[in-house]
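Only one structure is covered here, and it is reproduced in the block below.
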Amino acid sequence: MSDKVLLTMNVRRLSRLLPLVLLALALFVSAAGARAADLGLIDAAALKGAAGKWVILDARPRGEWLAGHIPGAISFCWEDYTRTDSKGVKYSSFPANELAALLGAQGIGDRTALVIYGDADKSWGGEGYDAWLFSWLGHRGPVRLLNGGIQAWRSAGFPLVQGAEPRQVRRVPYQAQPKPQTAVSTEELQNRKDGYTLVDVRSTLEWLKGRIPGAVHISWEDFYTGKERRPLSGGELRKLLAKHGVDLGKPVVYYCLGGVRSGYAWTVHQLAGLPEARNYKGGWEAWDKREGR
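Our numbering numbers the first residue of the sequence shown as 254 and each following residue consecutively.
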């Protein structure tokens with residue numbers, strides 16, 4: 254067989270394989286894009302020992318922050334950057350460009366190392382929502398969730414500060430690069446509902462009043478454990494999802510009323526290293542007001 258014939262056969266083989274290679278690459282990029290670049294947990298002692306390395310965000314309501322917060326922590330509660338949108342959907346997060354301006358004015362750049370904490374109670378899982386939000390914005394710096402939240406900090410006997418602290422802020426640029434793979438829209442859910450596994454993390458009462466067809470119900474409170482409300486480990490989360498028949502073979506979409514509690518569930522899912530998940534940030538509010546329902 255001549256070299257020319259062999260070359261022709263090899264080119265044909267490669268041409269048949271190329272679509273498969275491109276598909277595999279696309280799936281890899283999609284899955285990677287759905288995850289935060291550097292999302293993890295940090296313990297209270299580790300944070301205390303390296304506090305100067307991090308910008309610390311307190312995800313609880315501002316009143317809780319004023320009553321007592323980790324020294325140097327900035328108040329960053331979801332209530333301060335969500336609003337009712339033009340369609341009447343409540344709790345809609347600001348557009349990416351507005352969030353970028355807000356963060357830059359606080360001295361937070363897209364490569365800033367962040368620690369976020371809450372209490373998984375009065376914050377309604379806002380610490381997890383904040384972690385999701387930075388993932389959605391395409392944050393390039395490390396993002397850490399304080400394991401055990403403010404409860405773990407208190408249990409360790411570390412100090413808290415009351416009231417607002419004087420803080421010199423230098424405005425910096427925040428280059429947002431939104432990652433659509435971390436979220437899902439109402440239109441996407443309507444058009445390919447069978448392509449997702451839906452998990453409703455609202456309360457049982459909310460679930461009984463109405464839910465998206467085909468959704469599984471798991472309260473967001475089941476995604477943490479212990480008196481310090483630490484996120485479930487990977488093994489614990491797998492057991493929880495398996496118990497409720499959640500199919501991890503499809504992207505999991507978490508939703509609640511407006512995306513905060515589901516943002517917490519999404520973050521626990523990411524920390525557990527499970528396959529792709531998305532947060533329906535419009536939540537039941539958006540679904541209930543969808544066009545053509």
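Every residue gets a Cβ at the ideal spot worked out from N, C-alpha and C, and that includes glycine.
* **Assigned exposure category for Gly535 - 16 Cβ within 10 Å defines buried** => Under a 10 Å Cβ-count criterion, Gly535 is classified as buried, with 16 or more other Cβ atoms of the shown protein chains found around its own Cβ.
* Asked: In whole angstroms, what is the alpha-carbon distance linking Ile327 and Lys340?
  -> Their Cα atoms are separated by approximately 31 Å.
* To do: Would you mind reading off the limits of the alpha helix (DSSP H) that contains Tyr382?
  => In the DSSP assignment, Tyr382 falls within the unbroken alpha helix (DSSP H) covering 379-390.
* To do: Can you tell me the Cβ-Cβ gap for Thr365 and Gly394, rounded? I've got them flagged as a contact below 8 Å.
  => That pair is a contact at about 5 Å.
* **Test item: CB-CB of Lys343 and Gly511 under 7 Å** => In this structure, Gly511 lies closer than 7 Å to Lys343 by Cβ.
* Separation of Phe411 from Ala518, as counted between CA atoms -> Linking Ala518 to Phe411 through their CA atoms gives a straight-line distance of about 28 Å.
* Straight-line CA distance for Arg491 to Gln434? -> When rounded, the distance between both Cα atoms is 22 Å.
* Helix, strand or coil: how does DSSP classify Gly526 here? -> If DSSP states are grouped into helix, strand and coil, Gly526 belongs with coil.
* Asked: Is DSSP giving Ile323 helix, strand or coil here?
  -> Here Ile323 carries a coil assignment [DSSP, helix/strand/coil].
* Got a sec? Which residues, its chain only, sit under 8 Å from Pro314 by beta carbon, not counting five neighbours each side? -> Hits under 8 Å: Cys330, Glu332, Lys375, Ser376.
* Are there three or more Cβ pairs, one per stretch, closer than 8 Å when the region 415-429 is compared with the region 453-470? -> As far as the Cβ criterion goes, the region 415-429 does not touch the region 453-470, which means the pair count is below three.
* For the beta strand (DSSP E) holding Leu294, just list the boundary residues, first then last. => Note, Leu294: beta strand (DSSP E), 292-295.
* To do: Compute the Euclidean distance between the alpha carbons of Asn532 and Val422, then round it to the nearest angstrom.
  => Cα atoms of Asn532 and Val422: separation of roughly 32 Å, rounded to the nearest angstrom.
* Asked: If we count Cβ pairs, one from each stretch, closer than 8 Å, do we get three or more for the region 377-394 versus the region 426-440?
  -> The region 377-394 is in contact with the region 426-440.
* Where do the N-terminal and C-terminal ends of the beta strand (DSSP E) with Ile403 fall, by residue? -> First-last for Ile403: 402-408, but that is the alpha helix (DSSP H), not the beta strand (DSSP E).
* **First through last residue of the beta strand (DSSP E) which encompasses Leu551** => This structure leaves residue 551 out entirely; the chain is present only between 254 and 546.
* Over the uninterrupted beta strand (DSSP E) stretch that includes Thr365, give me the two end residues. => Looking at the DSSP string, Thr365 is not in any beta strand (DSSP E), and its letter there is neither H nor E.
* **Rounded straight-line distance, which links the Cα of Ala312 to that of Val506** => So the alpha carbons of these two residues sit roughly 23 Å apart.
* **Rounded C-alpha distance that separates Arg482 from Ala297** => Cα atoms of Arg482 and Ala297: separation of roughly 14 Å, rounded to the nearest angstrom.
* To do: Starting from Asn532, follow its DSSP beta bridges and name the residues at the other end.
  => Partner(s): Ala436, Tyr507.
* Of the choices Gly371, Val469, Gly379, whose alpha-carbon is the least far from that of Gly321? -> Minimum Cα distance to Gly321 is reached at Gly371.
* To do: Leaving out five residues on either side along the sequence, give the residues of the same chain with a beta carbon under 6 Å from the beta carbon of Thr450.
  => Val499, Asp500, Lys503, Val505.
* Leaving aside the five residues before and after Gly293 along the sequence, list all residues of the same chain whose C-beta is less than 6 Å from its C-beta, in chain order. => Excluding positions up to five away in sequence, the list reads Arg397.
* Asked: Helix, strand or coil for Val342 per DSSP?
  -> The answer is coil: DSSP assigns Val342 none of H, G, I, E or B.
* Residues near Pro484 by beta carbon distance below 6 Å, same chain, minus five either side -> Result list for Pro484: Tyr477, Val521, Leu524, in chain order.
* To do: Check Tyr517 in the structure and name its three-state DSSP category.
  => In the displayed model, Tyr517 falls within a helix according to three-state DSSP.
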